[in-house]
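Using our numbering, the letters of the sequence shown correspond one by one to residues 3 to 92.
We treat Cβ as the ideally placed atom computed from N, Cα and C, and that holds for glycine.
Comments concern the structure below.
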Amino acid sequence: LAAGYGYTGILVAFLARHNPLAIIPVAILLGGIDASGGLIQRRMDLPDATVLVLQGMLFIVILFSETFYGRLKLFNPDLWQRPHFLKGNV
Numbered sequence: 003l004a005a006g007y008g009y010t011g012i013l014v015a016f017l018a019r020h021n022p023l024a025i026i027p028v029a030i031l032l033g034g035i036d037a038s039g040g041l042i043q044r045r046m047d048l049p050d051a052t053v054l055v056l057q058g059m060l061f062i063v064i065l066f067s068e069t070f071y072g073r074l075k076l077f078n079p080d081l082w083q084r085p086h087f088l089k090g091n092v
């Protein structure tokens, strides 16, 4: 077995929310990023860790969206409504 694919598998399962059908496109996305990393690094003279940074940024963005979904007024339309004590005083 190749080293490092276990952590990628954990990341794929987490991003797919343990949904077997969602694992396939997420694995293809992360595999595509990993496979194209060498080409991107050679053509743009980027460091070796560029692919890992890109995968980490993707993971952090999804973590933040999962964390704040429903907690911020922007993501929760129920919070856009007026408070219940002001409804009768229009």
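In whole angstroms, what separates the C-alpha of leucine 17 from that of glycine 40?
As a position in the sequence shown, residue 17 is number 15, starting the count at 1. As a position in the sequence shown, residue 40 is number 38, starting the count at 1. The straight-line gap from Cα to Cα measures roughly 23 angstroms.
Quick check: alanine 15 and isoleucine 25, are their CB atoms within less than 8 angstroms of each other?
Reading the sequence shown from its first residue, position 13 is the one you call residue 15. Reading the sequence shown from its first residue, position 23 is the one you call residue 25. Cβ distance < 8 angstroms, so alanine 15 and isoleucine 25 count as in contact.
Identify which residue in Met46, Gly8, Arg45 and Leu48 has its Cα closest to the Cα of leucine 32.
Along the sequence shown, one-based indexing puts residue 32 at 30. The shortest C-alpha separation from leucine 32 is found at Gly8.
So threonine 52 and isoleucine 42 are supposed to be a Cβ contact under 8 angstroms. How far apart are they, rounded?
Looking up residue 52 in the sequence shown gives position 50. Looking up residue 42 in the sequence shown gives position 40. Between isoleucine 42 and threonine 52 the Cβ distance is about 7 angstroms, and since that is below 8 angstroms, they are a contact.
Roughly how many angstroms separate the alpha carbons of arginine 45 and proline 27, rounded to a whole number?
Here residue 45 corresponds to residue number 43 of the sequence shown, with the count starting at 1. Here residue 27 corresponds to residue number 25 of the sequence shown, with the count starting at 1. Roughly 26 angstroms separates the two Cα atoms.
DSSP three-state call for aspartate 47: helix, strand or coil?
The count along the sequence shown starts at 1 and reaches residue 47 at position 45. Residue state, collapsed to three classes: coil.
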